[in-house]
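Residue numbers (numbering that gives the first Met the number 0): 0 to 98. Data block below; observations after.
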Amino acid sequence: MWPPGDRRSSTTGCAALALHPFPVPGTRRNILVHGPLRQYHIMRNRIRLYWRGYVPLSWKIADLPRLMFKLVYFPLMVAPRLENLRMMLKGVRDGIAGR
Numbered sequence: 000m001w002p003p004g005d006r007r008s009s010t011t012g013c014a015a016l017a018l019h020p021f022p023v024p025g026t027r028r029n030i031l032v033h034g035p036l037r038q039y040h041i042m043r044n045r046i047r048l049y050w051r052g053y054v055p056l057s058w059k060i061a062d063l064p065r066l067m068f069k070l071v072y073f074p075l076m077v078a079p080r081l082e083n084l085r086m087m088l089k090g091v092r093d094g095i096a097g098r
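What follows is the structure, encoded as C-alpha cells:
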C-alpha cells in the first residue's frame, strides 16, 4: 500500500501517477497532465493512427494541431520539461517507425 495522500493507485498496485488538470494560460481550459512514459505512448499511438485507413481524415486533420501544441507546451510549461520532450519525441519517432 502507498502512504495516505500519495498520488499512486493503491487499488491496482500500480505506481502510475494520477491525472491532474493543468491550466492553459490565456484560456479557461485545462489539460490533463500525464507522466513522461504515458506521453510517449500517447504520441506513439496517435502517430500510428495517422496511417490507419479506418481513422477519419477529419480526426487526423484536427489532431495535428493538438500534437504540435503538446510538443511545444509540455516541454515549456510542465515539469519534468526535458524528460517530457525526450519521451514525446521518442514516441513520435517510434510511431513513424511502426514500433
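Every residue gets a Cβ at the ideal spot worked out from N, C-alpha and C, and that includes glycine.
List the endpoints of the continuous alpha helix (DSSP H) containing valine 32.
-> No alpha helix (DSSP H) holds valine 32; the beta strand (DSSP E) holding it covers 29-32.
Would you give the residue range spanned by the alpha helix (DSSP H) that alanine 61 belongs to?
-> 56-76
Give the DSSP-derived three-state secondary structure of proline 20 in the structure shown.
-> strand
Output yes or no for whether 7 Å exceeds the beta carbon distance between proline 55 and methionine 86.
-> no
For glycine 94, count neighbouring C-beta atoms within 10 Å of its own C-beta (all shown protein chains included) and say buried if the count is 16 or more, exposed if not.
-> buried
Own chain, CB closer than 8 Å to arginine 45, minus 5 neighbours either side, in chain order = Asp62, Leu66 and Gly94
Less than 7 Å separating the beta-carbons of proline 74 and leucine 88?
-> no
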